[in-house]
Amino acid sequence: MLAIGHDVPQFAIPNQNGEIITNESLLGQKYVVFFYPKDDSPGCTKQACSVRDKYSKINREGYQVFGVSPDKVSKHSKFINKYEFPYDLLADTEKEMINAFGVWGKKKFMGKDIVGVIRNSFIINELGKIVAIIGKVKTKEHGDEILNAIQSLHSYSTSY
211 MLAIGHDVPQ FAIPNQNGEI ITNESLLGQK YVVFFYPKDD SPGCTKQACS VRDKYSKINR
271 EGYQVFGVSP DKVSKHSKFI NKYEFPYDLL ADTEKEMINA FGVWGKKKFM GKDIVGVIRN
331 SFIINELGKI VAIIGKVKTK EHGDEILNAI QSLHSYSTSY
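First residue of the sequence shown? That's 211 in the numbering used here, and the numbers climb one at a time after it.
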């Protein structure tokens, strides 16, 4: 299980334009990775739009944002265009990043036990270290959850 202070797992995943985004290419930058199950589904749309609505504030705090799901590049492109997301979506069709971050597993969906992407978000510092983890994501409020987690990092100094 990943925890605060761990190095971000290695990844090389295409964004909605087919450009490969890697953990190494993001060294020196602060960023947020949020995981969600499926483009254009009701809960995922609420989550992604909530992040979109708080993106400018998150970005002013110095963070980039990446959404990750197992959807294809073409589906991500349509999802971004439909809802005007100002951030990249990474197409983890092989679930490499999803598995590396430990967000594939058993969960409840509509009262049933299923296996799928667990909504978790990770805040990563310039050194590639995880500095905050948001579990049990509230889809409609996720943008605020991310922003609050980032702002709470300013309340105390962390050095990993």
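Positions of the beta carbon are idealized from the N, C-alpha and C atoms, including for glycine.
For residue i, the three-state DSSP class (helix, strand or coil)
| i | result |
| --- | --- |
| Val207 | The structure shown does not extend to residue 207, since the chain spans only 211 to 370, so no value can be given for it. |
| Lys285 | helix |
| Asn291 | helix |
| Met307 | helix |
| Ser260 | helix |
| Ser251 | coil |
Residue(s) in a DSSP beta bridge with residue i
| i | result |
| --- | --- |
| Val278 | Phe245 and Leu300 |
| Lys240 | Tyr273 |
| Thr232 | Ala222 |
Inter-residue CB distance, residue i and residue j (contact presumed, cutoff 8 Å)
| i | j | result |
| --- | --- | --- |
| Phe276 | Tyr241 | 6 Å |
| Ile268 | Ile356 | 6 Å |
| Asp281 | Lys248 | 6 Å |
| Ile290 | Leu299 | 6 Å |
| Ala310 | Pro219 | 4 Å |
| Gly338 | Asn233 | 6 Å |
| Gly353 | Ser260 | 4 Å |
| Ile328 | Val313 | 5 Å |
| Gln274 | Glu336 | The pair is not a contact, with the Cβ atoms about 11 Å apart (cut-off 8 Å). |
Nearest to residue i (by Cα), restricted to the options the options
| i | options | result |
| --- | --- | --- |
| Ser365 | Asp323, Ala342 and Pro296 | Ala342 |
| Asn330 | Leu363, Lys339, Lys348 and Gly228 | Lys348 |
| Lys288 | Ala359, Asn227, Lys339 and Phe244 | Asn227 |
| Phe244 | Glu234, Glu271 and Arg262 | Arg262 |
| Glu294 | Tyr265, Arg270 and Trp314 | Tyr265 |
| Ala258 | Ser362, Lys350, Leu363 and Thr232 | Lys350 |
| Lys305 | Leu212, Ser251, His286 and Val278 | Val278 |
| Met320 | Lys285, Gly253, Leu236 and Ile344 | Gly253 |
| Thr255 | Ser284, Tyr273, Glu271 and Lys292 | Lys292 |
| Lys318 | Thr303, Lys346, Ser362 and Leu212 | Lys346 |
(Q) Please give the ranges of any alpha helix (DSSP H) in the region 312 to 370, keeping only runs that are unbroken, at least 4 residues long and fully inside the region. (A) 352 to 363
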